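Q:
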Amino acid sequence: MERVRWTGHPFVDAGLSAIAAVTGVSDVKDLEAGHLEHAAAELVRVLLSDQALGIGVEANSSIHLTGEGERLKRKRRMSGGSFSF
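Following UniProt numbering, the numbering of the sequence shown begins with 1 at its first residue and continues without gaps.
1. Report the three-state DSSP secondary structure of Thr7 (helix, strand or coil).
2. According to DSSP, is Glu32 part of a helix, a strand, or is it coil?
3. Could you check whether the stretch 24-34 touches the stretch 44-59, counting it as contact only if at least three pairs of C-beta atoms, one from each stretch, sit closer than 8 Å?
4. Out of curiosity, what's the CA-to-CA distance linking His38 and Leu16?
5. With Asp50 as the anchor, note down where its alpha helix (DSSP H) starts and where it stops.
6. Please classify Ala20: is it buried, with 16 or more other beta-carbons within 10 angstroms of its beta-carbon, or exposed?
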């Protein structure tokens, strides 16, 4: 894998900073493929969490998901809770 480096683009570099923070790497130049896989798995875990999907959110909340959140939860359960990238 080619070395990761700062791009100078604020949004891309913010993403690189987030990946480094999640993986505990102090410099993006030290990021390796395993770090990227770890960051992707963590992102999947967060985005498919009950809280992110709105499962268990009280009915009077301003954010309310209906059947779509439950469908995604079932999909996650059926896949064994892991996804490949």
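Positions of the beta carbon are idealized from the N, C-alpha and C atoms, including for glycine.
Here the structure is a predicted model, which means the values were calculated and not measured.
A: Reading off the structure:
1. Thr7 carries a coil assignment under DSSP once its states are collapsed to helix, strand and coil.
2. DSSP places Glu32 outside both helix and strand once states are collapsed to three, so it counts as coil.
3. Touching, no.
4. A straight-line Cα-Cα distance of about 13 Å links His38 and Leu16.
5. 50-53 is the extent of the alpha helix (DSSP H) around Asp50.
6. With 16 or more other Cβ atoms from the protein chains shown falling within 10 Å of its own Cβ, Ala20 counts as buried.
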